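Keeping their order, the protein sequence lines are chains A and B. Residues 245 to 374 in this note's numbering are what the first sequence lists, from first letter to last. Residues 685 to 1237 in this note's numbering are what the second sequence lists, from first letter to last. Note that CB positions come from ideal geometry on N, CA and C, so glycine has one too. Predicted model, so just to flag it, every value in this text is computed and none were measured. Data block below; observations after.
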Amino acid sequence: MLRSFKLRSLTVVGIRGIVLSVPLSILLVIFSFSQLMPVRFVLALIFLLFLPGFDVLEIFYNQTIFLAGLQRFLISVGLSIGIAIIDDYVLTFLAVGINLSSLVACLAGETVIFSLIPLVSRKVRAMRTP
Amino acid sequence: MRPSRYRALVYLTLVLIIGLGGFVRGVSLITNGPSVLLDLDAFHSLRAVDSIMSNGKVASFDPLSSAPNGTRYTFATSQGYYGFISSLGLVAGLSPSESLAISPVIFFVLELVSLFAISLSFSKSNVAALLAPLFAIGLTGWSAISILGADPVAENLGAAMFLISILLATLLSNRFSYLLIGLLAFLDGITIQAHPITYYFLNLTLVAVTFTIVRQRTWKLAKGLILAMILSLYSFLLFALSGASLGEGETFSQAAYWLASLSPHIYTIDNSTLVAEMGAPTIVLAGVAIIIAIRHRASTIYPLLAWVAVLYSVVLIGEIAVFTPYGRTVESIPFSAPLVLSHRIMPYLPPALCVLAATTIGEFTLPSLISLAKRVRISDKIIGAAVIMIVLAASSSQLYHAYQYSTIYANSFNLEPRYSHLYDWISAHTSNDSIFIANDVSIGVYIKAIDGRPVFFTTSQEDITVTDLIQRASVQTCVFLPICSTNRTISMIQSYHISYAVIVTPALLINQNSSSLVQFSDQGQLANYLTWFRSRPNFAQVYNDSNSFVFSV
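Right, dumping it as structure tokens:
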């Protein structure tokens, strides 16, 4: 009982997002400048098609608890594609340019930030609660 | 069977169906290799992706387009798609062509999974959910535009985003949630970055779905969908940032009507095309679902009916535009290009019919059969197995047909090797600013992509979105068909500063005088044709191989 409560609690604070995003972001930074093409390809798929959207949905976990696993996955994919497209515009209009370094920094950075938001917001809420 | 095992079995079957689909659709990837691009649009996309990957920014103007500088109508139509493919290429370390060639596989899988999820949300039947992607594998022709391996077009992304948005709309039609509204608005707006046509058809569908909700008097849910559509208008800001404007969309509507008017009308879908590409069994099953839903007032699938009805009406409007005297009326409808060029409906209409066909079996037929079997004491497992066998047998011919289509497509649309010597010669012997005119309406797209030379006329949108379209089509006609006076032809060529004329076989030529497309493939005709061409003053042959010729002008 206690164990399942802890697991649910961890899920609510968005630990899933952090557990996935932080290590994968480190791997993205490490491998993106290597010649290990299969690893790069898999990481590219994860960061362009899944992780950013998944982390955004995790921020709204309580409001999306009714979503089935497959629905959550597909919406994550749609959101990730949208975020990747917006990233391209942001990089273009900030004159940073769309290149490997800027994309890796952008994708890894935003993913880690998104994944931390649920944890931070829960901490803030806990501090406000008397 | 335990629920977890049953769910695992369902997902395993889905993986098998996706694998089967990969085999049917991935013939080109398997036989031609992972970096070979097929067909016309892929090479337009290649230039755009190459531009982004080389210059590091979203390009707002295509320097090789016929559209005048300042209109900026070119790469702007699918900037999101080009940007996404470029990002994939850069992060994964792929070349532009590799990144493009691999992308349909990704979107193909997404489409099939989306179809599974949509069917499940409508029917709650796992059998229906599995059959919908199975039926989608069997699509051919224009309807396979979105899921054909190695044919990267913006609608690959568009179709996947369309289906995910429809899934969200389905959720929103059952539950009011500001978060779902926000998510749908975001995805709806992003579809314009895949292709404006995706946005156009998605919102037509959402309006129709909203009507079905209004009919059920669930006003709050309808308001949610309307709010999502209104919020999605942020997309026009993105569209403007990408360098396009609505005025250019209107110019494209006129060009689209011109293109659709050329006979034979290959860019307009009719009912026979729809049946041929989807297969009669799928159409019949979808028809049965529609009849049952209306007869028994199955309101849960009304949104699906609305989806089919509104997109099928586009097919009818396209037919009216092309085959009746009311074409000019259709042309006068603002932004009518997607209605006139109705082949563009095919990534979005057939998936709905596949879901309906699957619903007929999984939702309407199977439960009735199982209850009937219980009365005569036949195991429901036997009934289930028998139904699966019947469906597989019925769809096997369509799957085989799709495999054959995929094989033919992989061979006949692989045009880069066929004219490789021509491209090499152009690259080595002509200057970068030499303007080419080519007899085939498509070959110019390859010359632009491979050699980087401007081409006077192609049927790509960036070349027909011009104010002097009719004049250009007349020049194209006069240069390659013996129906104009020589002096007039020469003066027109000089006015457009054309340097070289390219003749390839086989080719599809434009005859502006009779508003038609002329097939030129007979090798017997070629000798006479070349004799006529060589006899004209101002044309000197400078290159030839077995199926291509270049004349300097």
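Reduced DSSP secondary structure (H/G/I, E/B, other) of residue i
| i | result |
| --- | --- |
| B:PHE936 | helix |
| B:SER1169 | coil |
| B:ILE1017 | coil |
| B:SER1144 | coil |
| B:ASN1195 | strand |
| B:LEU1201 | strand |
| B:SER1272 | Because chain B in this structure spans residues 685 to 1237, residue 1272 of chain B falls outside the shown range and cannot be described. |
| A:PHE249 | Low per-residue confidence applies at A:PHE249: pLDDT is 47, beneath 50, and the placement is therefore not dependable enough to give any value. |
| B:ALA878 | helix |
| B:ALA1122 | strand |
| B:SER749 | coil |
| B:SER1179 | helix |
| A:SER346 | helix |
| B:VAL1071 | helix |
| A:PHE275 | helix |
| B:SER1063 | coil |
| B:SER661 | Residue coverage of chain B in this structure runs from 685 to 1237, which leaves residue 661 of chain B outside it and unanswerable. |
| B:VAL1139 | strand |
| B:ARG859 | coil |
| B:PHE707 | helix |
Boundaries (first-last residue) of the alpha helix (DSSP H) holding residue i
| i | result |
| --- | --- |
| B:VAL968 | 964-979 |
| A:PHE317 | 313-337 |
| B:PHE792 | 780-807 |
| B:VAL999 | 986-1007 |
| B:THR854 | 838-856 |
| B:GLY1047 | Gly is not the amino acid found at residue 1047 of chain B; the sequence shown has Glu there. No alpha helix (DSSP H) holds B:GLU1047; DSSP gives it neither H nor E. |
| A:PRO296 | 295-303 |
| B:ALA1157 | 1153-1164 |
| B:PRO724 | Note that residue 724 of chain B is Leu in the sequence shown, not Pro. Note, B:LEU724: premise wrong, no alpha helix (DSSP H); not H, not E. |
| B:LEU905 | 903-915 |
| B:THR952 | Segment: none, B:THR952 is in no alpha helix (DSSP H) and carries neither H nor E. |
| B:VAL1129 | 1127-1130 |
Unbroken beta strand (DSSP E) run spanning residue i, endpoints
| i | result |
| --- | --- |
| B:SER1183 | 1182-1188 |
| B:TYR1227 | 1224-1228 |
| B:SER770 | Careful: B:SER770 lies outside any beta strand (DSSP E), inside the alpha helix (DSSP H) at 763-776. |
| B:SER744 | Segment: none, B:SER744 is in no beta strand (DSSP E) and carries neither H nor E. |
| B:VAL1234 | 1232-1236 |
Cβ pair residue i, residue j closer than 7 Å
| i | j | result |
| --- | --- | --- |
| B:ALA990 | B:ALA892 | yes |
| A:GLY322 | B:LEU871 | yes |
| B:GLY1068 | B:SER809 | no |
| B:TYR1010 | B:ILE1004 | yes |
| A:ILE319 | B:PHE768 | no |
| B:ALA1185 | B:ILE1121 | yes |
| B:SER781 | B:LEU841 | no |
| B:ALA1021 | B:PHE1097 | no |
| B:PRO1138 | B:ILE1154 | no |
| B:PHE1164 | B:LEU1193 | yes |
| B:THR697 | B:LEU851 | no |
| B:ALA1042 | B:ALA812 | yes |
| A:SER324 | A:LEU335 | no |
| B:ALA843 | B:PRO1031 | yes |
| B:ALA878 | B:GLY764 | yes |
| A:LEU351 | A:PHE285 | no |
| B:ALA1241 | B:LEU1040 | Absent from the structure is residue 1241 of chain B, since the part of chain B shown begins at 685 and ends at 1237. |
CB-CB length for residue i against residue j, believed under 8 Å
| i | j | result |
| --- | --- | --- |
| B:LEU1000 | B:ALA1036 | Their Cβ separation, rounded to whole angstroms, is 16 Å, which puts B:LEU1000 and B:ALA1036 out of contact at 8 Å. |
| B:ASP1135 | B:VAL1188 | That belief does not hold up - the Cβ atoms of B:ASP1135 and B:VAL1188 are roughly 14 Å apart, past 8 Å. |
| B:PHE846 | B:THR882 | 6 Å |
| B:ILE702 | B:VAL793 | 6 Å |
| A:THR355 | A:PRO296 | 5 Å |
| B:TYR1180 | B:PHE1140 | 6 Å |
| query | Would you call the segment 279-290 of chain A and the segment 299-309 of chain A in contact, with 3 or more CB pairs under 8 Å? | reply | These segments do not touch.
Checklist entry - Can you list, in chain order, the residues of the segment 347-365 of chain A whose Cβ is nearer than 8 Å to any Cβ on chain D? => result Structure shown: chain D not included; protein chains present are A and B.
Practice problem: Evaluate the contact criterion for the segment 332-346 of chain A versus the segment 819-827 of chain B: three or more CB pairs, one atom per stretch, below 8 Å. | Solution: With the cut-off at 8 Å, the segment 332-346 of chain A and the segment 819-827 of chain B do not touch.
_Contact between the segment 1195-1206 of chain B and the segment 940-951 of chain B is defined here as three or more beta-carbon pairs at a separation below 8 Å; is this criterion met?_
In this structure the segment 1195-1206 of chain B touches the segment 940-951 of chain B; the number of beta carbon pairs closer than 8 Å is three or more.
### Query
Do the segment 1088-1108 of chain B and the segment 1217-1225 of chain B touch if we need at least three Cβ pairs shorter than 8 Å?
These segments do not touch.
Worksheet entry | Given 8 Å, three or more beta-carbon pairs between the segment 688-698 of chain B and the segment 727-740 of chain B | No, the segment 688-698 of chain B does not touch the segment 727-740 of chain B.
Worksheet item: Can at least three beta-carbon pairs, one atom from the segment 1146-1160 of chain B and one from the segment 731-750 of chain B, be found at a separation below 8 Å?
Response: Touching, per the Cβ criterion.
* Between the segment 1081-1091 of chain B and the segment 954-968 of chain B, do at least 3 Cβ pairs fall closer than 8 Å? -> Yes, the segment 1081-1091 of chain B is in contact with the segment 954-968 of chain B.
| said: Quick test of the definition: if touching needs 3 or more C-beta pairs under 8 Å, does the segment 1171-1180 of chain B touch the segment 772-788 of chain B? | reply: Touching, no, given that fewer than three Cβ pairs across the two stretches are closer than 8 Å.
message = Three Cβ pairs or more, each shorter than 8 Å: is that satisfied between the segment 1056-1068 of chain B and the segment 848-863 of chain B?
response = No, the segment 1056-1068 of chain B is not in contact with the segment 848-863 of chain B.
Checklist entry - Taking three-plus beta-carbon pairs below 8 Å as touching, is the segment 903-916 of chain B in contact with the segment 856-874 of chain B? => result Yes, they touch.
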